[in-house]
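J.:
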Amino acid sequence: MLNGLWLSFFLVAAIAGLSRWLLGDDPAVFAAMVESLFAMAKLSVEVMVVLFGTLTLWLGFLRIAEKAGLVDLLGRALGPLFARLIPEVPRGHPALGFITLNFAANGLGLDNAATPIGLKAMRALQELNPSQTVASNAQILFLVLNTSSLTLLPVSIFMYRVQQGADDPTLVFLPILLATSASTLAGLLAVALVQRLRLWDPVVLAYLIPGALLLGGFMALLGGMSATALAALSSLLGNLTLFGLILLFLLVGALRRVPVYENFIEGAKEGFDVAKSLLPYLVAMLCAIGVLRASGALDMGLDGVRALVQAIGWDTRFIDALPTALMKPFSGSGARAMLIETMQNFGVDSFPALVAATVQGSTETTFYVLAVYFGSVGIQRARHAVGCALLADLSGIIAAVAVCYWFFG
């Protein structure tokens, strides 16, 4: 899928460039396309410098949390809920620990770190699967919740905003939190409906109702605040949460006599290995998108959508964030490249860039996750996984746009 998608970027760019040359008498378009290749390659390396530091830092702290028992504690806390949502997985099975750690990595916005953990979880679930080629209910629920990407602390998004010169990288903290909550809730409800999960079970309700009430009360509180106050609160909570988690990991690790420095180095080495493997993908996608933008093809497509939205009478400011939203279900590196390109083209704190950042943090790469996770264990029939995951994606994108209009006007 990615092969065809990547190739299509260059083919569409070539057609658009030829049309501008032959029909628009603009021979300079090819110089702009070639220049964009080198500019995007340079930008890829600049992004990677920050990405190396971010992944190394957070996987180091995450390793301390794991050795301190915080991940196991979270797994035990969620054990009764998992027992009802995925009853085919026995209590104490290693899959539950991997699932918890995967959700923790996603919650911290470490999507690249979450992938190897998620693959371990999928393999552990496959051990319990009676079929070698058909996805089990447990595997589907895990995949849909993974693609809905409940992100409590979007570290990667903050990092990209830092790299692009944002004065306040955590400005999108609350919009992402609200949008990703909508995505996850939609995914859970969709799977529960198909699998006939008893969400009204007292234990399940004991987990879901307090969370829903807390989120609803929080949104009601936010509803009475101005856009300026919302942005300030998002920044404050984002920074407090970020530093609070670091302090929690270190203090709990120290109290439990975990050699925090040695474990940080061990986790940081893993982060370095993960980060260095991303540069080729980032160069490939950023260069392809740069050529597409320089050829005029991307702008022509967005202008068509913008004209349609204007005819309906809607606000069109979100249109320039659509490339990230459309790419997100297919490719994480592609959506990441679209986000960075949007920040570069419109400004890191422009409305399209804020919407694109919120979309990037609210959903996951559905088709990529499905192909990698199910492919790693030989699953050929996904059953209802794709439909439920795409519904979660759509809910997250719609919520992201709506919340950005609410927060940023």
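Mapping of the sequence shown onto the numbering used here: residues 14 to 422, in sequence order. In this text, a Cβ means the ideal position worked out from N, Cα and C, and glycines have one as well.
Going by DSSP in three states, R33 sits in which element: helix, strand or coil?
T.: helix
J.: Between the stretch 148-168 and the stretch 100-108, do three or more beta carbon pairs fall short of 8 Å?
T.: With a cut-off of 8 Å, the stretch 100-108 and the stretch 148-168 count as touching, because enough Cβ pairs lie within range.
J.: By the DSSP assignment, the alpha helix (DSSP H) with R174 in it spans what residues?
T.: Run containing R174: V168 to Q176, per the alpha helix (DSSP H) assignment.
J.: In three-state terms, what does DSSP make of R394?
T.: Strand, per DSSP.
J.: Kindly indicate which three-state DSSP category V60 falls into: helix, strand or coil?
T.: In the structure shown, V60 adopts helical secondary structure according to DSSP, grouped into three states.
J.: Count the other CB atoms within 10 Å of the CB of A44; is the residue buried (16 or more) or exposed (fewer)?
T.: exposed
J.: Going straight from the alpha carbon of I392 to that of C401, what length do you get?
T.: Straight-line spacing of the CA atoms in I392 and C401 works out to 17 Å.
J.: Give the secondary structure of V147 by DSSP, where H, G and I count as helix, E and B as strand, and everything else as coil.
T.: DSSP, read as helix, strand or coil, puts V147 in strand.
J.: Unbroken beta strand (DSSP E) runs of length 3 or more, entirely within the stretch 289-332: which are they?
T.: none
J.: Which two residues bound the contiguous alpha helix (DSSP H) that contains Q188?
T.: Looking at the sequence itself, residue 188 is Pro, so the reference to Gln does not match. Segment F186 to Q208, the alpha helix (DSSP H) holding P188.
J.: Is the beta carbon of G92 closer than 7 Å to that of N115?
T.: no
J.: I need the DSSP call for N142, collapsed to helix, strand or coil.
T.: coil
J.: Please report how far the alpha carbon of A90 lies from the alpha carbon of F65, in whole angstroms.
T.: 32 Å
J.: Which residue from A395, L198, P40 and M46 puts its Cα closest to that of L311?
T.: M46
J.: Measuring CA to CA, which of A54, E79, V60 and L36 is closest to F277?
T.: E79
J.: Can you give the Cα-Cα distance for P40 and L24, rounded to whole angstroms?
T.: 18 Å
J.: Could you tell me the alpha carbon to alpha carbon distance between W11 and F256, rounded to whole angstroms?
T.: Only positions 14 to 422 of the chain appear in the structure, and residue 11 is not among them; the question remains open.
J.: Tell me the rounded alpha-carbon separation between P272 and F74.
T.: 12 Å
J.: For E79, name the three-state secondary structure that DSSP assigns.
T.: helix
J.: Per DSSP, what kind of secondary structure is M14 in: helix, strand or coil?
T.: In this prediction, M14 scores a pLDDT of 49, lower than 50, which makes its location untrustworthy; the coordinate-derived value is nonetheless stated afterwards. In this structure, M14 counts as coil in the three-state DSSP scheme.
J.: Can at least three beta-carbon pairs, one atom from the stretch 218-226 and one from the stretch 155-173, be found at a separation below 8 Å?
T.: Short answer: they don't touch.
J.: Quick one: measure Cβ to Cβ for V304 and L50, integer angstroms, because I've assumed they're closer than 8 Å.
T.: 6 Å
J.: Could you pull the start and end residues of the alpha helix (DSSP H) that V368 belongs to?
T.: F364 to S375
J.: In terms of residue numbering, what span does the alpha helix (DSSP H) encompassing A334 cover?
T.: Unbroken run through A334: none, as it is neither H nor E.
J.: State buried or exposed for W71, treating a residue as buried only when at least 16 other CB atoms are found within 10 Å of its CB.
T.: buried
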